[in-house]
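Position one of the sequence shown corresponds to residue 19 (this note's numbering), numbered consecutively onward.
Glycine included, each C-beta is placed from N, C-alpha and C at the ideal position.
Just so you know, these numbers come straight off a predicted model, no measurement behind them.
Following: one structure in structure tokens, then a few remarks.
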Amino acid sequence: MSDKSNPVQSKGIKRKTLIFLITTIVIVFMFPKGESLDFQVSEGTIWTNEDLIAPFSFPILKDPLVYASEVKQAEESVYPVFVRREINIQDTIKSFNKYLIEILDENLKQETSNVLNPTFFSPENFSLMLSLHKEYKNSTRNRKPLTEYFELIIPVIEKYTKKGLLNITSKEKKKDSIAVRIGNIDKIDPVTEYKFLDEAKYEIKTEIENLRLPEDVKKILIEYANNFAIPTLIYDPQATELEIEQAKNSVPRYSGIVNENERIVAKHDRITKQVKLKIESYKEAKGDEVSQLDSALQFLGKFLHIGALLAIFGIYLYLFRKRIFFDTRKILLISFLYIFLSFITFLVNSVTIKAPIQYLIFIPVASMILTITFDSRVGFYSTVIITLITGALRGNDYTFMATNFIAGALSVYTVRDIKNRTQIFRSFLFIMIGYLTSIFAFGLERFATLNTMLYESAFAVSNALISPALTYGLLIFFERIFRITTDLTLLELSNYERPLLRELATKAPGTFNHTLIMSLIAESAAEKIGAHTLLARVGALYHDIGKTISPHAFVENQMKGENLHENLKPEESVQILLRHVQEGIELAKLNKLPQEIIDFIPMHHGTTVMTFFYEKAKEIYGEENVNVEDYKYKGPKPNTKETAIVMLADGCESAVRSITEPDETKIENMVNTIINSRLRDGQLDDSPLTFADIKKIKEAFLNILILQNHKRIKYPRQQEAESGIDTTDNN
Numbered sequence: 019m020s021d022k023s024n025p026v027q028s029k030g031i032k033r034k035t036l037i038f039l040i041t042t043i044v045i046v047f048m049f050p051k052g053e054s055l056d057f058q059v060s061e062g063t064i065w066t067n068e069d070l071i072a073p074f075s076f077p078i079l080k081d082p083l084v085y086a087s088e089v090k091q092a093e094e095s096v097y098p099v100f101v102r103r104e105i106n107i108q109d110t111i112k113s114f115n116k117y118l119i120e121i122l123d124e125n126l127k128q129e130t131s132n133v134l135n136p137t138f139f140s141p142e143n144f145s146l147m148l149s150l151h152k153e154y155k156n157s158t159r160n161r162k163p164l165t166e167y168f169e170l171i172i173p174v175i176e177k178y179t180k181k182g183l184l185n186i187t188s189k190e191k192k193k194d195s196i197a198v199r200i201g202n203i204d205k206i207d208p209v210t211e212y213k214f215l216d217e218a219k220y221e222i223k224t225e226i227e228n229l230r231l232p233e234d235v236k237k238i239l240i241e242y243a244n245n246f247a248i249p250t251l252i253y254d255p256q257a258t259e260l261e262i263e264q265a266k267n268s269v270p271r272y273s274g275i276v277n278e279n280e281r282i283v284a285k286h287d288r289i290t291k292q293v294k295l296k297i298e299s300y301k302e303a304k305g306d307e308v309s310q311l312d313s314a315l316q317f318l319g320k321f322l323h324i325g326a327l328l329a330i331f332g333i334y335l336y337l338f339r340k341r342i343f344f345d346t347r348k349i350l351l352i353s354f355l356y357i358f359l360s361f362i363t364f365l366v367n368s369v370t371i372k373a374p375i376q377y378l379i380f381i382p383v384a385s386m387i388l389t390i391t392f393d394s395r396v397g398f399y400s401t402v403i404i405t406l407i408t409g410a411l412r413g414n415d416y417t418f419m420a421t422n423f424i425a426g427a428l429s430v431y432t433v434r435d436i437k438n439r440t441q442i443f444r445s446f447l448f449i450m451i452g453y454l455t456s457i458f459a460f461g462l463e464r465f466a467t468l469n470t471m472l473y474e475s476a477f478a479v480s481n482a483l484i485s486p487a488l489t490y491g492l493l494i495f496f497e498r499i500f501r502i503t504t505d506l507t508l509l510e511l512s513n514y515e516r517p518l519l520r521e522l523a524t525k526a527p528g529t530f531n532h533t534l535i536m537s538l539i540a541e542s543a544a545e546k547i548g549a550h551t552l553l554a555r556v557g558a559l560y561h562d563i564g565k566t567i568s569p570h571a572f573v574e575n576q577m578k579g580e581n582l583h584e585n586l587k588p589e590e591s592v593q594i595l596l597r598h599v600q601e602g603i604e605l606a607k608l609n610k611l612p613q614e615i616i617d618f619i620p621m622h623h624g625t626t627v628m629t630f631f632y633e634k635a636k637e638i639y640g641e642e643n644v645n646v647e648d649y650k651y652k653g654p655k656p657n658t659k660e661t662a663i664v665m666l667a668d669g670c671e672s673a674v675r676s677i678t679e680p681d682e683t684k685i686e687n688m689v690n691t692i693i694n695s696r697l698r699d700g701q702l703d704d705s706p707l708t709f710a711d712i713k714k715i716k717e718a719f720l721n722i723l724i725l726q727n728h729k730r731i732k733y734p735r736q737q738e739a740e741s742g743i744d745t746t747d748n749n
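Okay, structure coming up:
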């Protein structure tokens, strides 16, 4: 609700930029290396040299004829570009009519044989029109003014301009469809949806000829209409040519890739067309010598390749996950996973054994870790980026990328709503299904043998078995090293058997009951506004753990009605209340609670005034002798949606509980009063809550608090039972 930037964002983006550069450079250095080749080969000959092994990865050039054919197809696939322009025919014609009448009047005044015709009319038609205008002016015949005739054809012309009128004739038709450009967007439409200029003029002429008008008027109207049949779709040859060039340039020059350590040709093998292309491509890739400039340019290309992929993910985090983007520890975690998987891919590429060990690159592990640590969208987008990066390191291996993407995406879905750590192991089944489906799909496409597919499946099943266990182990490691709180940690903390919660329930049962109701309210409100429901719930459970030190100092735990504050000075009472916040923080740190949970302890009070004791102090000492700052909590104010929700839930639940005979109206008024007071006091200024969020939070609070305090039917003899009279039937 404030324009203030989140404290997490105050670090800026310099550190993130450095992490981005280091990550990109490290991954780039894991790309394959290469060298040169110097010999000529001919198709159909026998390779008499030793096996030619690629010392680096390189693309395979397409056959020139194939490439030329594909370029031609790309050129033919481009539709002519037409730019739409809007024309108000009605206003244009009316404006021109006014101008035309002035010209005609001017000609009549001159009374000369020199006809002034600054319009598009032919001399014959203009003279005829001048004659008609003169007849109308002199009223020698029952003639209408020319403007009335001209306005008759407005709907005729508009019918074509609204539909879309091309500025080319039917003979100039290039294709069956056109690209209509509106702004920067091209819409492909069949050309039959529009009218060619010659066709439109012919149809307009036919419609005018069918009108019941004098022949001399029709003749004028036809010429008039032809000139106002203004095209609304203008062919743009420059834009079309640019589209053609882009389409031609987009045709890949290469048909595949030869990976590092892959055999190009074996000794005594015949040089086929494909083998010759590989050898020629190898020669062109490196030449006789590789200059420093070539190496630098190649490095730049790889840097831009990986940098673009990482930048896309970074932009996503900046726009939609700012709390992740501005948290250096979380960015380091993501960077570590990217580099780690790239390194594993590099090692796999370096191994020369004849086995599909690429299936031991555990991409699903990263997918699951990032999903559990953050959320399913971050996990999914990370899976896309990781598979693209590792696929690039594998020589742009599409099969590898698609297989790991399918398995990684399925692993994301299995842990998106995880409830406990053992649930991770159900991911084994889905990862295995993803890998096996992909292996058999691509195997059948390339006519692979059953033995080959089963051999690859064995490695994939190993990946599926190891990934969940590895995820479990690394999660604990990342939580400790990077100090990150996952949903699994929050679920464990929500267990009522946790030492702090058990102690709170034993020593301060009133406070414990208050926290239970608050956790329910906070979770419901968080769900309404799209906040972290589990974090709000757990934060509510631990927000008052400091009251276990001196539970009887708080009214909800004073069962016998004895209030120790009645015998204390207001400033002493204030110190007790302030102390429970600090004691709560110390207890939380002692029990190693995450910082995200510790934040709820001081923030749920913010800098609010302890009104009861402040008013009491004014009565005792006089208002001029009391400093309101001495009766405020020390803060800070809530700076997240979750801490703000817990602050509001704490105030509303406590206030509603104090109502003697609660009903729906009283509860609603009390909730509005508490929330409005927090707003006026500026307690929500540092939080990202919007007024729309506040409205939804109110609704969530009321739904639960009204049900929690609804009236119940009195049982028979309830009054006697409440008075301690035995109402049991002795019979």
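Could you tell me the alpha carbon to alpha carbon distance between residue i and residue j, rounded to whole angstroms?
i: K177; j: F246; result: 12 Å
i: T647; j: A523; result: Before going on, a small fix: residue 647 reads as Glu here, not Thr. Distance between the alpha carbons of E647 and A523 is about 33 Å.
i: N469; j: A487; result: 28 Å
i: A410; j: F343; result: 25 Å
i: Q701; j: G564; result: 22 Å
i: G452; j: E280; result: 27 Å
i: I252; j: N185; result: 5 Å
i: D194; j: K180; result: 20 Å
i: I502; j: L552; result: 15 Å
i: A112; j: A197; result: According to the sequence as given, residue 112 is Lys; it is not Ala. Approximately 32 Å between the Cα atoms of the pair.
i: F114; j: P141; result: 18 Å
Looking only at C-alpha atoms, which of the options sits nearest to residue i?
i: N341; options: D393, I119, I64; result: Sequence check: residue 341 is Arg here, not Asn. Among D393, I119, I64, the Cα nearest to that of R341 belongs to D393.
i: F144; options: V269, K237, S268; result: K237
i: A673; options: E660, I692, I663; result: I692
i: I333; options: Y399, E521, Y356; result: Y399
i: H622; options: T524, G640, V644, K652; result: K652
i: Q576; options: I715, I547, I615, T529; result: T529
i: I40; options: Y154, A218, V293, F321; result: F321
i: A326; options: I547, I248, I403; result: I403
i: K32; options: A420, T346, L454; result: T346
i: R412; options: A384, L447, S360; result: S360
i: F443; options: T489, Y212, L596, V96; result: T489
i: S75; options: K296, V664, I390; result: K296
i: L406; options: F423, G397, V396; result: F423
i: S268; options: A86, G319, L318; result: A86
i: S385; options: S485, I105, G319; result: S485
Assign residue i to one of three DSSP states: helix, strand, or coil.
i: S512; result: coil
i: Y336; result: helix
i: I31; result: coil
i: D311; result: What sits at residue 311 in the sequence shown is Leu, not Asp. DSSP places L311 in helix when its eight states are reduced to three.
i: Y212; result: coil
i: L702; result: coil
i: A197; result: strand
i: L229; result: coil
i: V366; result: helix
i: K372; result: coil
i: D435; result: coil
i: V96; result: coil
i: K205; result: strand
i: K565; result: helix
Could you spell out where the beta strand (DSSP E) holding residue i opens and where it closes?
i: S676; result: No beta strand (DSSP E) contains S676, which DSSP labels as neither H nor E.
i: L251; result: 251-253
i: V396; result: V396 -> not in any beta strand (DSSP E); alpha helix (DSSP H) instead, spanning 394-411.
i: P77; result: 76-79
i: R281; result: 281-283
Let's see if you can read the secondary structure: which residues bound the alpha helix (DSSP H) around residue i?
i: L608; result: 588-608
i: L378; result: Neither: L378 is in no alpha helix (DSSP H) and is coded neither H nor E.
i: S456; result: 445-463
i: R117; result: The sequence shown places Tyr at residue 117, rather than the Arg named in the question. Segment 107-128, the alpha helix (DSSP H) holding Y117.
i: I171; result: Here I171 belongs to no alpha helix (DSSP H), and DSSP marks it neither H nor E.
What is the C-beta distance between residue i and residue j, in whole angstroms, given that I count them as a contact (C-beta under 8 Å)?
i: L707; j: A662; result: 5 Å
i: H561; j: I619; result: 6 Å
i: A540; j: T566; result: Not quite, the Cβ-Cβ distance comes to about 20 Å (not below 8 Å), so this is no contact.
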